[in-house]
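Asker: Let me begin by handing over the structure; questions about it come next.
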Amino acid sequence: MLTSNKGPAFETPGAEGGTLSEIERDAEDCTRCDLYRDATHMVFGEGPSKADIVFVGEQPGDKEDLAARPFVGPAGKLLDKCLEEAGIDRDRCYVTNAVKHFKFTPRGKRRIHSKPNAGEVRACSWWLAAELRLLKPSLVVSLGATALYSLLGRQAKVTRDRGQILSTPSGVPVLVTIHPSALLRSRDRADAEMNRARFVDDLRRIGGFLK
Ligand code: URA
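For reference, each letter of the sequence shown is one residue, going 1050 to 1260 in this note's numbering.
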């Protein structure tokens, strides 16, 4: 297993609180960055408090912002299907995001996803650190570059480290993979099938961490 030199990336002590519900209640009033101003809801993580596996995505999308639940939109549905193909029981996993408010640019009636910046990711790692402190997962699955930046800082890269299991300084193993939304953007069918098969292969590695 490779070990990163530093991390969780921003060495935040994380929010205090004895339970995930307590921390979620505090996060509802979060003003640590400006994203709370335009978002409909703060979208906290979801899943069993004894989950062995924690998935970390980027930020809630349009559907998640309205539903106040993570991974319920197209990327989440695709993740569910790929987990099923990989033989992983999604109900045993906790899903959350590096950033807990939807960042978007309005275009007519639509809200177009906008990537959170480094300051927003750093501010929000306060909540992710608290989730990981309480969940004590045996594996964190980092979906895409924003999650990886939040977990391990700039030293890890999805393109270079994909499929590897790195580790936070506190010793939590982190499986590096892509964000499922990247599969929704594949250019042609052959490309899409190949990318999806590779993603499912990455997810199969989770099996060994389920107790
Ligand atoms: N993409 C994410 O990264 N997180 C979600 O909750 C939904 C889409």
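Even glycine gets a Cβ: it sits at the ideal position worked out from N, Cα and C.
No experiment lies behind these values; they were computed from the predicted model shown.
Report all residues from its chain with a CB closer than 6 angstroms to the CB of valine 1221; omit the five preceding and five following residues, and keep chain order.
Answerer: Residue 1221 sits at position 172 when you count from the first residue of the sequence shown. Val1189, listed in sequence order.
Asker: Near phenylalanine 1059, which residues of its chain fall below 7 angstroms by C-beta distance, leaving aside the five closest residues on each side in sequence?
Answerer: Working through the sequence shown from its first residue, we reach residue 1059 at position 10. Once the five neighbours on either side are set aside, the close Cβ partners of phenylalanine 1059 are Arg1171, Ser1174.
Asker: To the nearest angstrom, how far is the alpha carbon of serine 1214 from that of cysteine 1131?
Answerer: On the sequence shown, position 165 is the one that residue 1214 refers to. On the sequence shown, position 82 is the one that residue 1131 refers to. Note on residue identity: the sequence assigns isoleucine, not serine, to residue 1214. Approximately 19 angstroms between the Cα atoms of the pair.
Asker: Output the residues surrounding the ligand URA, defined as those with a CB atom closer than 5 angstroms to any ligand heavy atom, in chain order.
Answerer: Going along the chain, the residues that qualify are Gly1106, Glu1107, Pro1109, Gly1110, Glu1113, Pro1119, Phe1120, Ala1124, Asn1146.
Asker: With distances taken between CB atoms, is the gap from leucine 1181 to valine 1092 smaller than 8 angstroms?
Answerer: Position 132 of the sequence shown holds residue 1181. Position 43 of the sequence shown holds residue 1092. Not a contact, by the Cβ cut-off of 8 angstroms.
Asker: Let's see if you can read the secondary structure: which residues bound the alpha helix (DSSP H) around tyrosine 1143?
Answerer: Within the sequence shown, residue 1143 is the residue found at index 94, counting from 1. Counting along the chain, tyrosine 1143 falls outside any alpha helix (DSSP H), though it belongs to the beta strand (DSSP E) covering 1142-1146.
Asker: Can you tell me which of the three DSSP states proline 1123 falls into?
Answerer: Position 74 of the sequence shown, counted from the first residue, corresponds to residue 1123. Proline 1123 falls in the helix class under three-state DSSP.
Asker: In or out: alanine 1239 buried (at least 16 other Cβ within 10 Å) or exposed?
Answerer: Mapped onto the sequence shown, residue 1239 falls at position 190. Exposed is the call here.
Asker: If leucine 1232 and arginine 1245 are in contact, beta carbons under 8 angstroms, what's the gap, nearest whole angstrom?
Answerer: Within the sequence shown, the letter at position 183 stands for residue 1232. Within the sequence shown, the letter at position 196 stands for residue 1245. So it is a contact: roughly 5 angstroms between Cβ atoms.
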